Amino acid sequence: MFPQQDRRWTWIHRLHPFTKMAVGIGFSFLALFMNNPWSLSLIQAFLIAVGWMAGLRISVNHLIAASAFLIGFILLTFSAGSTATHAVVYTLRLVVLISATPIFAQTTSPQDLTRSLSSLSLPQGVLMALVLVWRFFPMMRKDMLVIRQAAHLRGIDQGPWMQRIFRGTLIPLIFCAMDYTERLSLALELRGFSPDALRTSRWIPKAQWTDLLFSLSAIICSVVSVLLQWRLR
Amino acid sequence: MIRADRLSFRYPNQSIEALSDIHFSVRQGEILLISGPTGCGKSTLAMALCGAIPHLIAGELSGSVMINEISSFDRPVHETARDLGMLLQDVTDQAFTDRVSDEIAFGLENFCIPQDQIERRISDALELVSACHLQLRSLSTLSSGERQRIMLAALLALDQPALVLDEPLAYLDTHSRHRLLDLLCRLAKRGKAILVFEHRRDIVLCTGCSELYLDHGRPTDPPAPRPIFQIHPSSAGAPRLILEDVTFRWDADTPPLFSKLSLLVRAGESTVLKGENGSGKTTLLLMAMGLIRPDKGRILTCGIEVNPRSRAEVLKKAALVLQHPDHQLFLPTVLEEVCMQGIGADSCAAELENMGLKGLQQRHPRSLSMGQKRRLTIASALAKRPELILLDEPSVGQDDHSLSLILKRLDQFVQDGGALLVTTHDERVSRALGHQILQLSHGNILIERQSM
């Protein structure tokens with residue numbers, strides 16, 4: 001049973017992390033072997049639907065940037081000697097590969113993932129390393145946004161691009177990362193964590209009927225994709 | 234419960250001891266305030282108490298620290314943590330999870346608390362810090378003050394017999410501060426030994442606790458209280474910041490942060506903006522500089538309508554000093570940080586001297602203490618010679634002397650026709666600076682005091 005959570009959490013968030021991992025990995029593998037645009041489109045449509053139900057939204061600016069990137073990728077593939085169909089297939093495959101993991105990662109908290117993994121009796125040190133790595137990148141992203149704001153306020157982003165990147169972002173970010181690591185390792189010990197010690201868990205995620213429903217939908221989607229691939233070959 | 238005996242410590246390659254012959258003890262049910270000016274060795278002492286010195290930080294150490302009759306030098310930090318809970322000064326990077334309830338559960342899980350007790354302990358801890366309403370929130374959406382309360386709840390949930398709090402009042406609003414001090418008194422009555430590191434002595438001493446005053450790492454007698462510099466009244470001039478009917482919400486699911494909010498800051502005027510944690514003070518400053526766009530309404534900064542195209546123009550005339558100085562220091566020396574604003578070397582040196590940073594010109598900004606870094610960012614902003622300065626919590630980490638230096642320079646800025654908008658929870662700042670004191674509450678501004 002899940003404890004009470006943020007009201008913005010959807011049933012996708014509450015799925016067992018292993019269910020999401022299995023579906024994400026399964027779809028990525030399927031995408032590698034498929035070369036039918038309709039099959040790949042179906043998988044991508046499933047992923048978009050999952051993201052939509054999970055409340056994940058993409059801003060107009062990001063949508064425009066992503067579309068421009070994908071059109072560029074199609075043109076580049078086409079100019080490299082592929083047919084138009086192949087160019088579309090490569091692009092769709094890329095889209096499935098790069099969207100499956102983030103959609104499932106965005107809807108799974110690191111704590112839930114480690115609680116699931118702890119049921120496999122993995123060492124606590126490894127699980128904690130996973131949590132810290134998982135948290136490191138969003139933290140650095142947040143820091144980078146503040147640093148860029150500060151650089152803008154100080155006028156550091158007005159000079160040559162080398163100065164903008166190195167002085168304005170990279171160097172402060174490296175210092176922040178070092179400070180963050182130091183503070184975090186101390187805070188970890190102060191909160192009583194030891195990699196060799198036993199820990200309890202607030203709760204262990206358990207598979208529920210929604211996991212079954214979600215897995216069945218993903219299997220149906222995969223089977224239809226495979227049929228489309230086979231019948232339209 | 235906590236006892237330090239002839240404790241001395243010297244950092245590697247330093248000639249002066251950071252701590253020298255420290256001796257004190259805190260019994261169950263007692264609160265001890267450790268105060269002193271910035272850089273007096275408070276943080277070093279905190280590190281020695283929790284065992285980070287000598288286990289994680291190297292140096293020349295002598296004397297002893299006993300926590301619950303066991304030396305913290307002889308057992309690892311995570312074992313000392315079973316008897317001594319410590320709240321670090323900077324609460325921004327201490328979280329390991331992304332949800333409030335999980336964050337409180339983290340320590341309980343480390344302490345092997347049985348699963349059926351964890352939920353109750355989480356609720357009790359949140360109730361103690363009056364933060365039950367935050368239980369379902371994501372940590373990334375909390376303000377600094379709210380986050381501090383959650384980290385304190387995470388500490389209290391562990392129920393250690395001794396507590397060490399490093400600058401616990403730094404980001405708290407007045408109500409939260411009173412609640413915290415009241416809570417500390419209640420915890421002491423329940424038998425906890427509490428050590429509070431805080432340079433704002435007057436606030437903590439109200440609890441009737443005893444005090445150890447440090448200066449240059451040595452216990453000394455506390456100085457007589459000095460009045461904080463009081464800013465002089467001046468005549469208000471042209472408007473420098475106008476917010477008209479500004480409405481803003483973070484996302485569609487949340488209530489509006491500002492609802493038809495209006496504000497006016499004039500030249501030659503200092504305005505203090507107060508408000509509870511999470512009321513949107515920092516957001517308002519970022520909006521004034523064009524870094525966040527309001528959903529509705531109009532903002533004029535130094536006569537320029539703020540929009541993405543005019544941001545560069547706004548930056549030439551206005552300056553914003555953010556809360557965390559670490560994000561705002563980019564150059565290899567203190568002098569360069571100030572000189573990059575294009576004023577002459579003499580003016581730069583004068584700005585540094587005004588902020589008590591004379592003699593530190595060639596130091597790397599990252600090597601300064603937190604209070605010094607904050608003064609450096611203010612000096613850099615002033616060196617821009619702006620018409621409007623926006624300061625976000627300038628007094629955090631400043632002792633009375635350092636704060637007086639800042640206020641004196643800001644007074645000069647206002648007397649020269651500058652406009653000043655400061656967000657703060659610090660009564661010292663609002664008393665000294667507030668020509669106009671405004672309270673941000675429920676998305677709107679209430680005038681608390683206007684002395685024109």
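Protein chains in written order, with my numbering: chain V, 1 to 233; chain D, 234 to 685. Beta carbons are placed, not taken as given, at the ideal position from N, Cα and C, and that holds for glycine. Source: prediction; values computed, not measured.
Asked: Proximal chain D residues relative to V:L120, where beta-carbon distance stays under 7 angstroms; Found: Near V:L120 there are no residues of chain D at all, since even the closest Cβ is about 17 angstroms away, more than 7 angstroms.
Asked: Interface partners of V:I156 on chain D, CB under 7 angstroms; Found: F563
Asked: is_contact[D:D392, chain V] using C-beta, thresh 7 angstroms; Found: no
Asked: Residue environment, D:I235, which counts as buried when at least 16 other CB atoms sit within 10 Å; Found: buried
Asked: Proximity of D:H311 and V:A150 at Cβ, strictly below 7 angstroms; Found: no
Asked: Close Cβ partners of V:D211 (< 7 angstroms) along its chain, the five nearest in sequence each way excluded; Found: L15, H16, T19
Asked: Neighbourhood of V:F73 by C-beta, 7 angstroms cutoff - its chain only, sequence neighbours within 5 removed; Found: T91, L94
Asked: Those residues which DSSP pairs with D:D625 across a bridge; Found: D:T656
Asked: CA-to-CA distance, D:P472 to D:I383, given in whole angstroms; Found: 39 angstroms
Asked: Cβ separation of D:I255 and D:A279, assumed to be a contact under 8 angstroms, to the nearest whole Å; Found: With a Cβ gap of about 12 angstroms, D:I255 and D:A279 do not count as contacting.
Asked: Simplified DSSP state of D:T453, which is helix, strand or coil; Found: strand
Asked: Closer than 8 angstroms at the beta carbon, the chain D residues around V:G192; Found: H311, A314, R315, G340, N343, F344, L391
Asked: Alpha-carbon spacing of D:I346 relative to V:W9, whole angstroms; Found: 27 angstroms
Asked: Proximity winner among D:T657, D:N540, D:G630, D:R618, relative to D:P270 (alpha-carbon distances); Found: D:G630
Asked: Best match in V:F29, V:V226, V:V126 for proximity to V:I98 [C-alpha to C-alpha]; Found: V:F29
Asked: Bridge partner(s) assigned by DSSP for D:T480; Found: D:K529
Asked: Helix, strand or coil at V:G24 [DSSP, three-state]; Found: helix
Asked: Within chain D, the residues that V:A150 reaches when beta carbons sit closer than 7 angstroms; Found: L555, H560, Q561
Asked: Length of the line joining the Cα atoms of D:A469 and D:W483; Found: 34 angstroms
Asked: DSSP three-state assignment for V:T91, whether helix, strand or coil; Found: helix
Asked: Closer than 7 angstroms at the beta carbon, the chain D residues around V:S99; Found: Simply none; closest approach about 21 angstroms.
Asked: V:M161 versus D:A583: straight-line alpha-carbon distance, rounded; Found: The amino acid occupying residue 161 of chain V in the given sequence is Trp; Met does not appear at that position. So the alpha carbons of these two residues sit roughly 31 angstroms apart.
Asked: Reduced DSSP category for V:M1 - H, G, I as helix; E, B as strand; rest coil; Found: Only weak support exists for where V:M1 lies, its pLDDT of 46 falling under 50; the value from the coordinates is given anyway. Three-state result, V:M1: coil.
Asked: Element boundaries [beta strand (DSSP E), containing V:F78]; Found: Taken as a continuous stretch (DSSP letters only), V:F78 belongs to no beta strand (DSSP E), being part of the alpha helix (DSSP H) at 60–79.
Asked: Cα-Cα separation, D:D415 to D:I264; Found: 12 angstroms
Asked: Minimum C-alpha distance to D:L636 - residue among D:R608, D:A281, D:G508, D:P456; Found: D:R608
Asked: Cutoff 7 angstroms: D:T271 Cβ touching any chain V Cβ; Found: no
Asked: Start-end ranges of the beta strand (DSSP E) lying completely within the segment 395–446 of chain D, minimum 3 residues; Found: 395–399, 426–430
Asked: Sub-7 angstroms separation of D:D659 and D:S613 beta-carbons; Found: no
Asked: Residues near D:R243 by beta carbon distance below 7 angstroms, same chain, minus five either side; Found: E250, A251, G292, E293
Asked: Reference D:H668; option with closest CA among D:F563, D:L497, D:R599; Found: D:L497
Asked: Under 9 angstroms by beta carbon: chain V residues contacting D:A285; Found: L186, E189, L190
Asked: contact_flag[the segment 349–363 of chain D, the segment 288–308 of chain D] where n(CB pairs < 8 angstroms) is 3 or more; Found: no
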